[in-house]
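Asker:
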Amino acid sequence: LAAVNGLDGVRAQLALQLLGAVSIPVPLSFGAEAIRSLLGRADRVVVDAAGAARLQDWGLVDRVPWLDLSDLPPDPLPQAAVRDRWQAGVALGPDRLLTVIHTSGTTGTPKGVRIGRHGMDLQAAALGTNIHGHIGPPRYLSLLPMSLLIEQLFALYVGLYAGGTVVVLPRDVGPLGDGTTPPHAYLEHLRGAEPTLLMVPPALVEALHARQRAEGLQTAADWARSLGLTRLPMVCCGGAPVDVRILRELAASGLPVREGYGLSEASAVVCWNQPGATRAGTVGRPAPHHQLRLAPDGELLLRSPTVFLGYDGRDSTSLRDQDGWLHTGDMATIAPDGFVTILGRKKDVVITSTGRNVSPGWVERLVRRDPRVARAAVFGD
Numbered sequence: 518l519a520a521v522n523g524l525d526g527v528r529a530q531l532a533l534q535l536l537g538a539v540s541i542p543v544p545l546s547f548g549a550e551a552i553r554s555l556l557g558r559a560d561r562v563v564v565d566a567a568g569a570a571r572l573q574d575w576g577l578v579d580r581v582p583w584l585d586l587s588d589l590p591p592d593p594l595p596q597a598a599v600r601d602r603w604q605a606g607v608a609l610g611p612d613r614l615l616t617v618i619h620t621s622g623t624t625g626t627p628k629g630v631r632i633g634r635h636g637m638d639l640q641a642a643a644l645g646t647n648i649h650g651h652i653g654p655p656r657y658l659s660l661l662p663m664s665l666l667i668e669q670l671f672a673l674y675v676g677l678y679a680g681g682t683v684v685v686l687p688r689d690v691g692p693l694g695d696g697t698t699p700p701h702a703y704l705e706h707l708r709g710a711e712p713t714l715l716m717v718p719p720a721l722v723e724a725l726h727a728r729q730r731a732e733g734l735q736t737a738a739d740w741a742r743s744l745g746l747t748r749l750p751m752v753c754c755g756g757a758p759v760d761v762r763i764l765r766e767l768a769a770s771g772l773p774v775r776e777g778y779g780l781s782e783a784s785a786v787v788c789w790n791q792p793g794a795t796r797a798g799t800v801g802r803p804a805p806h807h808q809l810r811l812a813p814d815g816e817l818l819l820r821s822p823t824v825f826l827g828y829d830g831r832d833s834t835s836l837r838d839q840d841g842w843l844h845t846g847d848m849a850t851i852a853p854d855g856f857v858t859i860l861g862r863k864k865d866v867v868i869t870s871t872g873r874n875v876s877p878g879w880v881e882r883l884v885r886r887d888p889r890v891a892r893a894a895v896f897g898d
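For the sequence shown, our numbering begins at 518 and goes up steadily by one.
See below:
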């Protein structure tokens, strides 16, 4: 599926999965070499106008069978019927392969993470039930590319379980992170969308913090006036850590941001700071269906029914030990009350000449607390 985050793309994604097809969302930013590897096992390519243009750029128009979404009639199936059919499983087995998500590959061969239907069901049901209990049926504004598993989870499946609505950006606005629009500009789209739920990257949290400081926002009412909203959304954030100072200042001003942690190999979400169980600087507690512990070196280990079905065409058994624990590659601490703090990637740890192990992410966050520093990167020599 090569499409932007439009309604056509959302309809196509749901239709493919209701039919029992395995969907492969294509990141439109990938290069031709990566795309040829990604589409090597695809039977069909479904595109919208943007996807068709990229097929031309990739030199694949005459090499793969493709279907243009604009040629299809409107879907007559009401939202409730889609939700009922999804929850009924459409008489398909619970352990079937649902989608393949590619987590890298702007150059070279991308890595395909095989996600099972059962794992996504568990995630969507747990998150959807929890979120519905706090805010009712969510109205979700889709800002991130649908090729990201976290965006699929929130934009499609959580809404289906919680009876919610998904709102997409205007056709001429690309998704957040594609490089065409600065993060702060997306704040203006909240006014018309009236979302009650957002999943955002750290760049948008920083844009919110910049607005809070520039306009002197101190209360939830101030935020509502500034953003043009009648109700402030629940804002969730993941992908990279946010400076705890920013999180505390936003919360004090009436707009809490709920950090979480996950990875595609665990079907997107492992922990999050939910209402009533929030601690700034941590990624919250794990969902009930996840078991977490630390390896002797501090690596975070996970055991869960949401763990992925393996990499596409590659062996993934090396990620799990003999007891079924997934080695996440992330260094962490776990507090006695279950709150998890992510320190950084294990492979990025720098060992100094005196033998000290240092996580670059920890140093970078300290450096970026200085308001004169916009970005920081630490590496070892």
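We treat Cβ as the ideally placed atom computed from N, Cα and C, and that holds for glycine.
CA-CA distance, glycine 645 and proline 712?
Answerer: Between glycine 645 and proline 712, the C-alpha separation is close to 16 Å.
Asker: So, for tryptophan 583: in the same chain, excluding its five sequence neighbours on each side, which residues have a beta-carbon less than 6 Å away from its beta-carbon?
Answerer: Counting only Cβ-Cβ distances below 6 Å, and skipping sequence neighbours, we find Val562, Val564.
Asker: Helix, strand or coil, according to DSSP, for serine 899 in the structure here?
Answerer: Any question about residue 899 goes unanswered here, given that the chain covers just 518 to 898.
Asker: Under three-state DSSP, which class holds alanine 724?
Answerer: Helix at alanine 724.
Asker: Once you ignore the five residues that flank lysine 863 on each side, which residues in its own chain have a CB closer than 6 Å to its CB?
Answerer: Result list for lysine 863: Glu816, Gly846, Met848, in chain order.
Asker: My parser needs the beta strand (DSSP E) runs of 3 or more residues fully inside the stretch 518 to 591; what are they?
Answerer: As far as the stretch 518 to 591 is concerned, its whole beta strand (DSSP E) runs of at least 3 residues are 562 to 564, 583 to 585.
Asker: Considering only DSSP beta bridges, list what asparagine 874 is partnered with.
Answerer: Answer is Ile868.
Asker: Leaving aside the five residues before and after alanine 812 along the sequence, list all residues of the same chain whose C-beta is less than 6 Å from its C-beta, in chain order.
Answerer: Result list for alanine 812: Leu818, in chain order.
Asker: Does the stretch 676 to 691 come within contact of the stretch 784 to 796, defined as at least 3 CB pairs closer than 8 Å?
Answerer: Flag = no, the stretch 676 to 691 and the stretch 784 to 796 do not touch.
Asker: Can you check DSSP and say which residues form a bridge with isoleucine 632?
Answerer: Answer is Thr616, bridged to isoleucine 632.
Asker: Whole angstroms is fine: what's the gap from valine 800's alpha carbon to valine 717's?
Answerer: About 14 Å.
Asker: Where do the N-terminal and C-terminal ends of the beta strand (DSSP E) with leucine 744 fall, by residue?
Answerer: Taken as a continuous stretch (DSSP letters only), leucine 744 belongs to no beta strand (DSSP E), being part of the alpha helix (DSSP H) at 737 to 744.
Asker: Determine, using beta-carbon pairs with one atom in the stretch 736 to 750 and one in the stretch 629 to 645, whether at least three such pairs fall under 8 Å.
Answerer: The stretch 736 to 750 is not in contact with the stretch 629 to 645.
Asker: Thinking C-beta only, is proline 692 closer than 8 Å to leucine 480?
Answerer: The displayed coordinates of the chain run from 518 to 898. Any statement about residue 480 would go beyond what the structure contains.
Asker: Let me confirm a value: arginine 892 is counted as buried when at least 16 other C-beta atoms fall within 10 Å, else exposed. Which label applies?
Answerer: Its Cβ having fewer than 16 others within 10 Å, arginine 892 is exposed.
Asker: Can you give the beta carbon distance from glycine 526 to methionine 637, rounded, assuming they're within the 8 Å contact cut?
Answerer: In fact, because the Cβ distance is near 18 Å, the residues do not count as touching under 8 Å.
Asker: Use the C-beta contact count for valine 774: other C-beta atoms within 10 angstroms, 16 or more gives buried, fewer gives exposed.
Answerer: When all chains shown are included, valine 774 counts as buried.
Asker: Compute the minimum distance between the beta carbon of proline 813 and the heavy atoms of the ligand NAD, and state whether it is under 7 Å.
Answerer: Among the ligands in the structure shown, none appear at all, so the ligand NAD cannot be discussed.
Asker: Does DSSP classify proline 719 as helix, strand or coil?
Answerer: Helix, per DSSP.
Asker: Exposed or buried, valine 884, counting other C-beta atoms within 10 Å across all chains shown (16 or more means buried)?
Answerer: With fewer than 16 Cβ atoms within 10 Å of its Cβ, valine 884 is classed as exposed.
Asker: Among the candidates Cys753, Ala559, Pro877, whose CA atom is the shortest distance from the CA of leucine 860?
Answerer: Nearest option by C-alpha distance: Pro877.
Asker: Using a Cβ-Cβ cutoff of less than 6 Å, which residues in the same chain neighbour aspartate 865 once the five nearest sequence positions on both sides are dropped?
Answerer: Pro877, listed in sequence order.
Asker: Would you check if the distance between the CB atom of alanine 785 and the CB atom of leucine 714 is smaller than 8 Å?
Answerer: No, the Cβ-Cβ distance between alanine 785 and leucine 714 is not below 8 Å.
Asker: Given a cut-off of 8 Å, decide if glutamate 766 and histidine 726 are closer than it, judged by their beta-carbon atoms.
Answerer: Yes. Within cutoff.
Asker: Per DSSP, which one or two residues make a beta bridge with histidine 844?
Answerer: Leu818, per the DSSP bridge assignment.
Asker: Does the beta-carbon of leucine 536 have 16 or more other beta-carbons within 10 angstroms, so that it is buried, or is it exposed?
Answerer: Classification for leucine 536: exposed.
Asker: Is it buried or exposed, threonine 697, if we count other Cβ atoms within 10 angstroms and call 16 or more buried?
Answerer: The residue in question, threonine 697, is exposed, as its Cβ has fewer than 16 Cβ neighbours within 10 Å.
Asker: Only counting the same chain, and skipping five residues up and downstream in sequence, which positions put a Cβ closer than 7 Å to that of glycine 576?
Answerer: Contacts found: Ala549.
Asker: Looking only at C-alpha atoms, which of Val895, Thr616, Arg837, Gly523 sits nearest to valine 690?
Answerer: When each option's Cα is compared against that of valine 690, the closest is Gly523.
Asker: Is arginine 762 closer than 8 Å to arginine 889 when the C-beta atoms are compared?
Answerer: Not a contact, by the Cβ cut-off of 8 Å.
Asker: Inspect the beta-carbon positions of valine 787 and proline 805 and report whether they are closer than 8 Å.
Answerer: No, the pair does not count as a contact, with Cβ atoms beyond the cut-off.
Asker: With respect to the beta strand (DSSP E) encompassing leucine 899, which residues constitute its N-terminal and C-terminal limits?
Answerer: Since the displayed the chain opens at 518 and closes at 898, residue 899 lies outside it and no answer follows.
Asker: Can you give me the C-alpha to C-alpha distance between alanine 551 and leucine 665, rounded to a whole angstrom?
Answerer: Whole-angstrom Cα-Cα distance: 16 Å.
Asker: State buried or exposed for threonine 850, treating a residue as buried only when at least 16 other CB atoms are found within 10 Å of its CB.
Answerer: Its Cβ having fewer than 16 others within 10 Å, threonine 850 is exposed.
Asker: Do you know how far the Cα of threonine 871 is from the Cα of valine 857?
Answerer: About 28 Å.
Asker: Whose CA, out of Ala783, Arg613, Pro654, lies closest to the CA of histidine 635?
Answerer: For the residues Ala783, Arg613, Pro654, the minimum Cα distance to histidine 635 belongs to Arg613.
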